[in-house]
Amino acid sequence: MDFNDALAGAGDFGVYQKLLILLLVVPSGALCALVYFTQYFIILIPDNYSCKLQVPPDDLLAASNMTLEALRQLALPPDPNRGGDPSRCHMYDVNLTDLLVTGVGEANASWAMVPCKDGWDYEFGNLYSTIATELNMVCDQDELSYYVQAFFYAGTSIGSVAFGFIADRYGRKPSIILSYALAWLSGIVSSFMTNLFAFMILRFLVGMCIIPLSEDPYVLSLEYIGPRWRTVPIVLWSASYIVFSMVCPWLAYGIRNWTYLSIVTSMPLVMVVVLIKFVPESASWLLTRGRHDDAVMYLRRVAHFNKKEIPENIELKIAQNKRKGANKKVTFLDLFRTPRIRKHSILMLCAWFITYCCYHTNVYNTSFLGTNVYLSYTL
Numbered sequence: 031m032d033f034n035d036a037l038a039g040a041g042d043f044g045v046y047q048k049l050l051i052l053l054l055v056v057p058s059g060a061l062c063a064l065v066y067f068t069q070y071f072i073i074l075i076p077d078n079y080s081c082k083l084q085v086p087p088d089d090l091l092a093a094s095n096m097t098l099e100a101l102r103q104l105a106l107p108p109d110p111n112r113g114g115d116p117s118r119c120h121m122y123d124v125n126l127t128d129l130l131v132t133g134v135g136e137a138n139a140s141w142a143m144v145p146c147k148d149g150w151d152y153e154f155g156n157l158y159s160t161i162a163t164e165l166n167m168v169c170d171q172d173e174l175s176y177y178v179q180a181f182f183y184a185g186t187s188i189g190s191v192a193f194g195f196i197a198d199r200y201g202r203k204p205s206i207i208l209s210y211a212l213a214w215l216s217g218i219v220s221s222f223m224t225n226l227f228a229f230m231i232l233r234f235l236v237g238m239c240i241i242p243l244s245e246d247p248y249v250l251s252l253e254y255i256g257p258r259w260r261t262v263p264i265v266l267w268s269a270s271y272i273v274f275s276m277v278c279p280w281l282a283y284g285i286r287n288w289t290y291l292s293i294v295t296s297m298p299l300v301m302v303v304v305l306i307k308f309v310p311e312s313a314s315w316l317l318t319r320g321r322h323d324d325a326v327m328y329l330r331r332v333a334h335f336n337k338k339e340i341p342e343n344i345e346l347k348i349a350q351n352k353r354k355g356a357n358k359k360v361t362f363l364d365l366f367r368t369p370r371i372r373k374h375s376i377l378m379l380c381a382w383f384i385t386y387c388c389y390h391t392n393v394y395n396t397s398f399l400g401t402n403v404y405l406s407y408t409l
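Take a look at the structure:
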């Protein structure tokens, strides 16, 4: 008698499984989307920015008949890479007040140019101040935003391995609770960070939790659902993820503050407090660990919710069947043990690697489409 037979006796798609999907799987899709897409909306940089100028007094501007736009033309050299528009990264090394006092109203191409000395002015339009604009990740510092993203994605890669190990070694429940707690704490603390290195480390920790946030809850639900119903949690998780992927851009648009956005999308993860008490451990995982009494306890709980009964002889048969292989150790190397499994493992690794790269590259580059960034992400 295998586990699926016992699960069928307890009810393989009853009230218990539906509650598990409603309270664990659907929220995990929503939370994963919010946490993941927030990463993009807290490092957006507007297209239009320029060197911050030491603007002369208003009376001198008025006396010189000089508008702020004309002052920019005077202070900023043309950029041939931008069709002759004022440079975003360089300025003339001149004193604007002295120029206006002496009546100079046009720039001289022979003036020395220097990088922006006093920071940048940003024309946000429908955007808002982000960690990238607060730390001026532009011009010769523009690679910093890529480093932030690289740290985040490094976290997702390392987290998938680390939490996979935790889920297999210590159980699905500890992995879920730890990922929720770590994502919540790191997300909240990163909202108040203005030190780049500390911010990158915290977002790395958030990235570590993305895969377990998305996969562990529905893997746990699959292990309590009969084979014929196992597409249901995956479909509902995907629907939840898609809906909240479209919600996140408009949250950003409505909040218009990267700190508050990060807090708002991180706070729902506090549901980890509820998960500690109500999320079950995987009964099938318990059986592989030889913890038959605990597995039977959870099966009894499933049967109770589903108004079913598990005969005692089924419990004994499960224990006897699993006890035969309880001492067998399974490792990562077993994925490559035989030619057939090795071929399937390599093909799956390649397919997921390509899918992962294509998906995340498309998501990241959506902000460079040159249209409304909120609409672009929604579509």
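Residue numbers for the sequence shown follow our numbering, beginning at 31 and rising by one. Cβ coordinates follow ideal geometry from the N, Cα and C atoms, glycine included. Given the structure is predicted, the values throughout are model-derived calculations rather than measurements.
Worksheet item: How big is the Cα-Cα spacing for Ser-175 and Met-230?
Response: The sequence position of residue 175 within the sequence shown is 145, counting from 1. The sequence position of residue 230 within the sequence shown is 200, counting from 1. Their backbone Cα atoms lie some 10 Å apart in a straight line.
Fill in: Any non-hydrogen atom of the ligand FMN within 8 Å of Pro-310 CB
In terms of ligand content, the structure shown is empty, and the ligand FMN therefore cannot be addressed.
Item to complete: Pair every Cβ in the stretch 155-168 with every Cβ in the stretch 128-136, then say whether three or more of these pairs are closer than 8 Å.
Response: No, they do not touch.
Discussion item. Quick check on DSSP: helix, strand or coil for Trp-150?
Written reply: Locating residue 150 in the sequence shown gives position 120, counting from the first residue. Correct three-state label for Trp-150: strand.
Worksheet item: Pro-145 by DSSP, collapsed to three states: which one?
Response: Taking the sequence shown and counting its residues from 1, one reaches residue 145 at position 115. In this structure, Pro-145 counts as strand in the three-state DSSP scheme.
Item to complete: State buried or exposed for Met-297, treating a residue as buried only when at least 16 other CB atoms are found within 10 Å of its CB.
Response: As a working note, residue 297 is residue 267 in the sequence shown. Looking at its Cβ environment, which holds fewer than 16 other Cβ atoms inside 10 Å, Met-297 is exposed.
Worksheet item: Between Gln-84 and Asp-148, is the Cβ-Cβ spacing less than 9 Å?
Response: Stepping through the sequence shown from its first residue, residue 84 is reached at position 54. Stepping through the sequence shown from its first residue, residue 148 is reached at position 118. Result yes, Cβ atoms of Gln-84 and Asp-148 sit closer than 9 Å.
Discussion item. Considering only DSSP beta bridges, list what Tyr-79 is partnered with.
Written reply: As a position in the sequence shown, residue 79 is number 49, starting the count at 1. In the DSSP assignment, the residues bridged to Tyr-79 are Tyr-152.
Worksheet item: Based on Cα-Cα distance, which residue from Tyr-122, Pro-279, Leu-266 and Asp-324 lies nearest to Glu-245?
Response: The residue you call residue 245 lines up with position 215 of the sequence shown. Among Tyr-122, Pro-279, Leu-266 and Asp-324, the Cα nearest to that of Glu-245 belongs to Leu-266.
Worksheet entry | Of the listed residues Thr-68, Val-178, Asp-364 and Asn-336, nearest to Leu-291 (C-alpha basis) | Position 261 of the sequence shown, counting from 1, holds the residue named residue 291. Comparing Cα positions, the closest option is Thr-68.
Item to complete: Compare the beta carbon distance of Phe-274 and Ala-60 with 9 Å and say whether it is the shorter of the two.
Response: Position 244 of the sequence shown, counted from the start, is the residue given in the question as residue 274. Position 30 of the sequence shown, counted from the start, is the residue given in the question as residue 60. In this structure, Ala-60 lies closer than 9 Å to Phe-274 by Cβ.
Worksheet item: Cα separation between Leu-317 and Ile-293?
Response: What you label residue 317 is simply residue 287 of the sequence shown in a count that begins at 1. What you label residue 293 is simply residue 263 of the sequence shown in a count that begins at 1. Roughly 39 Å between the two C-alpha positions.
Worksheet item: With burial defined as no fewer than 16 other Cβ atoms inside 10 Å of the residue's Cβ, what is the status of Leu-379: buried or exposed?
Response: As a position in the sequence shown, residue 379 is number 349, starting the count at 1. The residue in question, Leu-379, is exposed, as its Cβ has fewer than 16 Cβ neighbours within 10 Å.
Discussion item. Run through the DSSP bridge pairs and tell me what His-390 is partnered with.
Written reply: Your numbering for residue 390 matches position 360 in the sequence shown. Answer is none; His-390 lacks a bridge partner.
Worksheet item: Based on the DSSP output, what are the partners of Pro-116 in its beta bridges?
Response: For the purposes of this step, residue 116 is taken as residue 86 along the sequence shown, with counting starting at 1. Note: Pro-116 sits in a beta bridge opposite Pro-108.
Discussion item. Check whether the stretch 37-51 and the stretch 247-263 touch, using three or more Cβ-Cβ pairs below 8 Å as the test.
Written reply: Contact between the stretch 37-51 and the stretch 247-263 is present: 3 or more CB-CB pairs across the two stretches fall below 8 Å.
Discussion item. Our contact map puts Leu-243 next to Ser-209 with C-beta atoms below 8 Å; I'd like the distance itself, whole angstroms only.
Written reply: Taking the sequence shown and counting its residues from 1, the one referred to as residue 243 is at position 213. Taking the sequence shown and counting its residues from 1, the one referred to as residue 209 is at position 179. Between Ser-209 and Leu-243 the Cβ distance is about 5 Å, and since that is below 8 Å, they are a contact.
Worksheet item: Rounded to whole angstroms, how far is the Cβ of Val-144 from the Cβ of Met-121, which I believe are closer than 8 Å?
Response: Numbered from its first residue, the sequence shown carries residue 144 at position 114. Numbered from its first residue, the sequence shown carries residue 121 at position 91. That belief holds up - the Cβ atoms of Val-144 and Met-121 are roughly 6 Å apart, short of 8 Å.
Fill in: Closest by C-alpha distance to Val-403, when choosing among Ser-58, Val-45, Leu-74 and Pro-57
Walking along the sequence shown from the start, residue 403 turns up at place 373. The residue among Ser-58, Val-45, Leu-74 and Pro-57 with its C-alpha nearest the C-alpha of Val-403 is Leu-74.
Practice prompt. Report the rounded CA-to-CA distance for Ser-314 versus Leu-329, giving the unit in angstroms.
Written response: For the purposes of this step, residue 314 is identified with residue 284 of the sequence shown, where counting begins at 1. For the purposes of this step, residue 329 is identified with residue 299 of the sequence shown, where counting begins at 1. Cα to Cα, Ser-314 sits roughly 10 Å from Leu-329.
Worksheet item: Can you find at least 3 beta carbon pairs, one from the stretch 234-243 and one from the stretch 180-188, that sit closer than 8 Å?
Response: With the cut-off at 8 Å, the stretch 234-243 and the stretch 180-188 touch.
Worksheet item: To the nearest angstrom, how far is it from the Cα of Ala-213 to the Cα of Leu-232?
Response: If you number the sequence shown from 1, residue 213 lands on position 183. If you number the sequence shown from 1, residue 232 lands on position 202. Between Ala-213 and Leu-232, the alpha-carbon positions lie close to 9 Å from each other.
Fill in: Tyr-122 (DSSP reduced to helix, strand or coil)
Working through the sequence shown from its first residue, we reach residue 122 at position 92. In the three-state reduction of the DSSP assignment, Tyr-122 falls in the strand class, which pools E and B.
Item to complete: Count the other CB atoms, across all protein chains shown, that sit within 10 Å of the CB of Ile-340; report buried if there are 16 or more and exposed otherwise.
Response: Translated into positions along the sequence shown, residue 340 becomes position 310. So Ile-340 ends up on the buried side.
Practice prompt. Compare the C-alpha of Pro-107 against each of Leu-98, Arg-118 and Thr-97 and name the closest.
Written response: Residue numbering aside, residue 107 sits at position 77 when the sequence shown is read from its first letter. Cα-wise, what sits closest to Pro-107 is Arg-118.
Item to complete: Report yes if the CB atom of Ala-211 is closer than 9 Å to the CB atom of Ser-205, and no otherwise.
Response: Mapped onto the sequence shown, residue 211 falls at position 181. Mapped onto the sequence shown, residue 205 falls at position 175. In this structure, the beta-carbon distance from Ala-211 to Ser-205 does not fall below 9 Å.
Fill in: Identity of the residue in Val-55, Phe-33 and Asp-32 nearest Val-262 by Cα
The residue given as residue 262 occupies position 232 in the sequence shown. Out of Val-55, Phe-33 and Asp-32, Val-55 has the C-alpha closest to the C-alpha of Val-262.
Worksheet item: With DSSP run on the structure shown, which of helix, strand or coil describes Leu-409?
Response: Reading the sequence shown from its first residue, position 379 is the one you call residue 409. Leu-409 falls in the coil class under three-state DSSP.
Worksheet item: By Cβ distance, which residues of its chain are closer than 7 Å to Val-332, with the 5 residues on each side in sequence left out?
Response: Against the sequence shown, residue 332 aligns to sequence position 302. Excluding residues within five positions, the ones whose Cβ falls inside 7 Å are Ala-40, Gly-41, Tyr-46 and Tyr-254.
Worksheet item: Taking the C-alpha atoms as reference points, what is the distance between Thr-224 and Arg-112?
Response: As a working mapping, residue 224 is identified with position 194 in the sequence shown. As a working mapping, residue 112 is identified with position 82 in the sequence shown. Each residue's alpha carbon lies about 31 Å from the other.
Fill in: Cβ separation of Ile-207 and Ile-306, assumed to be a contact under 8 Å, to the nearest whole Å
Reading the sequence shown from its first residue, position 177 is the one you call residue 207. Reading the sequence shown from its first residue, position 276 is the one you call residue 306. The C-beta separation of Ile-207 from Ile-306 comes to about 6 Å, placing the pair in contact by the 8 Å criterion.
Worksheet item: How many angstroms separate the CA atom of Tyr-407 from the CA atom of Trp-288?
Response: Residue 407 sits at position 377 when you count from the first residue of the sequence shown. Residue 288 sits at position 258 when you count from the first residue of the sequence shown. Rounded to whole angstroms, the separation of the alpha carbons of Trp-288 and Tyr-407 is 17 Å.
Practice prompt. Mind checking which residues open and close the alpha helix (DSSP H) that includes Cys-169?
Written response: Taking the sequence shown and counting its residues from 1, one reaches residue 169 at position 139. No alpha helix (DSSP H) contains Cys-169, which DSSP labels as neither H nor E.
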